[in-house]
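In the numbering used here, the protein residues as written are 5 to 349. Note that CB positions come from ideal geometry on N, CA and C, so glycine has one too. Note that this is a predicted model, so its numbers are computed, not measured.
Right, here's the structure in full:
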């Protein structure tokens, strides 16, 4: 591959966060991980809810961890995680988004965003470790992904192995423009795909006053809808745009201001009124990644500072280095893994 896809600015190391990063990595790999991967939540459950809980594992987690190992040049750890991900999640058409050990059930649906993250991790690892074999694998999985999750030149959220069908919409934060550009399709198909997906994202922009994005887009009706605006989702969309050089300055300024004041809440109305006052590790972790991509040291630093307010620093705690609430034994994979990735960006 002729262009590098590895992030160039590693603010985590510049800011001497290596110790924090390694402590968080240690918490995730030692305390939060079982035989099938990183627990969705440290506290276990019956694993029978509509959404993943307890010690269920997600292909999302495997992909984030693989990207982390690629970015931090940990080849053995990367290969071990990739091997486990394949064994746990591989379906003929993609990667199962979720596996429940208690139910011994791999769900027959993939999530486009999670499959693309794994494909991207394989590309990044191939580049970082100078391993042609990983690049070839990334292309093979890319081909399979195109067959199932892209139809008529647009991206769909999931493919259902059981019913051999996709859904009829796309969630905007699933549109990872960087990975779409890595898919093994012809130049003309790629131009068409990127143009259409960029148009879908840009069309979901809410307003200059509240510069976040709609949740999903329905192809058949050419409409957007959202049940409230989830900050994590809008930030992932902004991160994707920033990586592609397509971000809006209004979004960045808004995020910077909210991060500085420590008031980036979990959910908003479309007018930008907070629907709760919940803050999370992941929110500030993604804001930090946006800062790194844009080489905005101030945004990165402020975001990490807010993120670390959720960090467990008591050395005697079994949650030491992690992000969560030891008293309720709640620690979530997404929060911890996004923090880990933010340290490495």
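A residue is called buried once 16 or more other Cβ atoms fall within 10 Å of its Cβ, and residue 280, having fewer, is exposed. Here residue 96 is exposed. Its C-beta has fewer than 16 other C-beta atoms within 10 Å. Considering only 257, 56, 22 and 38, the residue with the shortest C-alpha distance to residue 89 is 38. Within 10 angstroms of the beta-carbon of residue 55 lie fewer than 16 other beta-carbons, which makes it exposed.
The beta carbon of residue 77 sits closer than 8 Å to the beta carbons of 132 and 133 from its chain, once the five residues preceding and following it are set aside; these are given in chain order. Taking a cut-off of 8 Å for Cβ pairs, the stretch 123-132 and the stretch 12-32 do not touch, as fewer than three such pairs fall below it. Unbroken alpha helix (DSSP H) runs of no fewer than 4 residues, entirely contained in the stretch 166-210, are found at 181-184 and 191-207, following chain order. Rounded to the nearest angstrom, the Cβ distance from residue 236 to residue 286 is 6 Å, consistent with a contact under 8 Å.
The residue among 230, 347 and 250 with its C-alpha nearest the C-alpha of residue 288 is 347. With a cutoff of 7 Å on beta-carbon distance, residue 66 and residue 41 are scored as near each other.
Contact between the stretch 189-200 and the stretch 211-231 is not established, with fewer than three Cβ pairs separated by less than 8 Å. DSSP links residue 342 through a beta bridge to no other residue. The C-beta separation of residue 145 from residue 113 comes to about 17 Å, leaving the pair out of contact by the 8 Å criterion.
Where residue 28 is concerned, there is no enclosing beta strand (DSSP E), although the alpha helix (DSSP H) around it starts and stops at 22-34. DSSP places residue 10 in the coil class of the three-state scheme, outside both helix and strand. Secondary structure within the stretch 258-291: not one fully enclosed alpha helix (DSSP H) run of 4 or more consecutive residues is present. For the stretch 306-341, there is no continuous beta strand (DSSP E) assignment of 3+ residues that stays within its boundaries.
Beta-bridge pairing by DSSP links residue 94 to 99. Contact fails between the stretch 262-276 and the stretch 320-328, because fewer than three Cβ pairs, one in each stretch, are under 8 Å apart. Residue 157 carries a coil assignment under DSSP once its states are collapsed to helix, strand and coil. The Cβ atoms of residue 243 and residue 311 do not sit closer than 7 Å to each other.
Residue range 116-132 is occupied by the alpha helix (DSSP H) that includes residue 118.
A straight line joining the alpha-carbon of residue 43 with that of residue 172 spans about 30 Å.
Counting C-beta atoms within 10 angstroms of its own C-beta, residue 201 has 16 or more neighbours from the protein chains shown and is therefore classed as buried.
Membership of residue 220 in the beta strand (DSSP E) is indicated by the continuous run 220-222.
A direct Cα-Cα distance of roughly 12 Å separates residue 239 from residue 262. Rounded to the nearest angstrom, the gap between the Cα atoms of residue 225 and residue 26 is 47 Å. Spanning the alpha carbons of residue 102 and residue 275 requires a straight line of approximately 34 Å. Our two residues, residue 296 and residue 19, have alpha carbons roughly 12 Å apart in a direct line. An exposed status is given to residue 167, since fewer than 16 other beta-carbon atoms sit within 10 Å of its beta-carbon. For residue 239, the secondary structure class from DSSP, reduced to helix, strand or coil, is helix. Just so you know, the alpha carbons of residue 156 and residue 230 end up roughly 24 Å apart.
The residue from 176, 119 and 180 with its alpha-carbon nearest to that of residue 151 is 119.
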